[in-house]
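Participant: Have a look at this one before I ask anything.
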Amino acid sequence: MAKLVDSHCHLAMKEFEEDLPEVLARSSGAGVERILVVGSDEQGSLEAFRLVRNRNDGMLFAAVGIHPHDSAMASSGIPGTIEELSVCPEVVAVGETGLDYFYDHSPRDVQKRVFAFHVGLARDTGKPLVVHVRDAYGDALEILRREKASECGGVIHCFSGSREDALAAIDLGFYISFAGPVTWPKNGSLREIAAALPMESILCETDAPFLSPQPKRGRRNEPAHVAWVYEVLAQARGISVEKCAREIWKNSSRLFRWGVL
Ligand SMILES: [Zn+2]
Ligand SMILES: [Zn+2]
756 MAKLVDSHCH
766 LAMKEFEEDL
776 PEVLARSSGA
786 GVERILVVGS
796 DEQGSLEAFR
806 LVRNRNDGML
816 FAAVGIHPHD
826 SAMASSGIPG
836 TIEELSVCPE
846 VVAVGETGLD
856 YFYDHSPRDV
866 QKRVFAFHVG
876 LARDTGKPLV
886 VHVRDAYGDA
896 LEILRREKAS
906 ECGGVIHCFS
916 GSREDALAAI
926 DLGFYISFAG
936 PVTWPKNGSL
946 REIAAALPME
956 SILCETDAPF
966 LSPQPKRGRR
976 NEPAHVAWVY
986 EVLAQARGIS
996 VEKCAREIWK
1006 NSSRLFRWGV
1016 L
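Residue 815 in my numbering is what sits at position 60 of the sequence shown, and the numbering runs on without skipping anything.
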C-alpha cells in the first residue's frame, strides 16, 4: 500500500478528544504514515505540541502559530509560548498563519501585521510556513514577498486561489496543498489547477475535522479520509494513486525535513 501524508489537520482539537486512538488506528489502516498536527492559537499550539511529544512515534509532527481568525491575540507580537515551541524538534513548521478576508474575524491590518510576525519567526527558526489564505491572495503574496518568505519557504494550505496565485507562490518556493474541496463536484476549476501545477510543488491534506471530501461530506473529517484527496488528484493528473503518493511523500519530506527526530 502507498504511504500517504496528511500535511494539515487539527488532531488536538476537542472534536477528537473522545476517540483519538481509533482515529489514528483508522489512519494507519488507510496507509497514512505522516501527519502534521497544526495549532491555530496559543493554547491549541501547545496542545498540538504535547500530543506529538507524548506519542513520539515518528508519525505525528507539529506546527505552531496563530490563525488569522485569532490574530488579535498576537497583535503586539508572537506569544512567548509559540516562540519557545517553535524551536523544538517536534515542531517542523510555523503556522497556521495568514489572511482570511472571507470571515474577517480580525481586523485586516492586524491580520497583516501578525502574518508578517510569523514570517519573521519562520525565517529566524529556519522552519517553513503553513499559510492559510481565503479571499486575500493579493495581499498574502505581497507580504510573503516583502518579508522575504522565500528564505524559509512553506505551503499554502487548502488552496483556493487562481492558477496565477499558485504559480506566484511556487515562484517564492512555496508548495500548494489540496484538501477535501478538490473532491467536491462543483470544483472542476480547482481540479484543473491541481492537474496543471508542477508535481514537485503539490501536497495533500484533510484540514480535519473540517472540509470532508465528497464521500464523507457532512461528517467529521479525519486523516484516513486523505486517501480520497489523493484519489481525485491522481485521477485529475492521469497518474496512479501510488505514483501520486510517492511524489507527495518526497515533497513533504523535502519541505518539512521530518523523520530526522
Ligand atoms: Zn486554514
Ligand atoms: Zn487548518
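Backbone N, C-alpha and C define an ideal beta-carbon position, used for all residues, glycine too.
Suppose you measure from the CA of Val937 to the CA of Glu977; what does that come to, to the nearest Å?
Facilitator: 16 angstroms
Participant: Name the residue from Trp1013, Glu838, Cys913 whose alpha carbon lies nearest to the alpha carbon of Arg878.
Facilitator: Glu838
Participant: Considering just the uninterrupted stretch of the beta strand (DSSP E) at Asp761, what are its terminal residues?
Facilitator: 759-764
Participant: What ranges does the beta strand (DSSP E) occupy inside the stretch 835-869, keeping only unbroken runs of at least 3 residues that lie completely in it?
Facilitator: 846-855
Participant: Please output, in chain order, the residues near ligand 1 using a CB cut-off of less than 7 angstroms to any non-hydrogen atom of the ligand.
Facilitator: Those residues placing their Cβ nearer than 7 angstroms to any heavy atom of ligand 1 are, following chain order, His822, Glu851, His887, His912, Cys913, Asp962.
Participant: Ligand 2 heavy atoms versus the CB of Ser831: any closer than 7 angstroms?
Facilitator: no
Participant: Closest by CA to Val996, which one among Phe929, Ala785, Ile931?
Facilitator: Ala785
Participant: Hey, quick one: how far does the beta strand (DSSP E) through Phe816 stretch, first residue to last?
Facilitator: 815-819
Participant: Helix, strand or coil for Phe771 per DSSP?
Facilitator: helix
Participant: Examine ligand 2 and report whether any of its heavy atoms sits within less than 7 angstroms of the Cβ of Val865.
Facilitator: no
Participant: Is Ser795 close to ligand 2? I mean its beta-carbon at under 7 angstroms from any heavy atom of the ligand.
Facilitator: yes
Participant: Can you tell me the Cβ-Cβ gap for Asp890 and Lys867, rounded? I've got them flagged as a contact below 8 angstroms.
Facilitator: Asp890 to Lys867, Cβ: 14 angstroms. No contact.
Participant: Let's test the definition: count the other Cβ atoms within 10 Å of the Cβ of Glu772 and tell me whether it reaches 16, buried, or not, exposed.
Facilitator: exposed
Participant: Could you give the distance in angstroms between the alpha-carbon of Lys882 and the alpha-carbon of Val842?
Facilitator: 9 angstroms
Participant: Does Ala1000 come within less than 8 angstroms of chain D when only Cβ atoms are used?
Facilitator: The structure shown has no chain D; it contains just one protein chain.
Participant: Taking a contact to mean a Cβ-Cβ separation below 8 angstroms, would you say Asp761 touches Val793 in this structure?
Facilitator: no
Participant: Would a C-beta distance cut-off of 8 angstroms place His822 and His887 closer than the cut-off?
Facilitator: yes
Participant: Beta strand (DSSP E) containing Cys959: first to last residue?
Facilitator: 957-959
Participant: Can the beta-carbon of His763 be found less than 8 angstroms from the beta-carbon of Asp962?
Facilitator: Against a cut-off of 8 angstroms, the Cβ pair of Asp962 and His763 comes out as a contact.
Participant: When you compare each of Leu966, Ala904, Gly799, Phe870 to Phe914 by their alpha carbons, which one comes out closest?
Facilitator: Leu966
Participant: State the start and end residues of the unbroken alpha helix (DSSP H) segment that holds Glu902.
Facilitator: Segment: none, Glu902 is in no alpha helix (DSSP H) and carries neither H nor E.
Participant: Would you give the residue range spanned by the alpha helix (DSSP H) that Phe804 belongs to?
Facilitator: 797-810
Participant: With DSSP as the reference, please indicate the residues paired to Phe914 in a beta bridge.
Facilitator: Paired residues: none, contrary to the question.
Participant: Does the beta carbon of His765 fall short of 7 angstroms from some heavy atom of ligand 2?
Facilitator: yes
Participant: Rank Ser956, Gly935, Arg946 by C-alpha distance to the C-alpha of Ala923 and give the top, closest one.
Facilitator: Ser956
Participant: Indicate the three-state DSSP secondary structure (helix, strand or coil) for His887 in the structure shown.
Facilitator: Per DSSP, reduced to three states, the secondary structure at His887 is strand.
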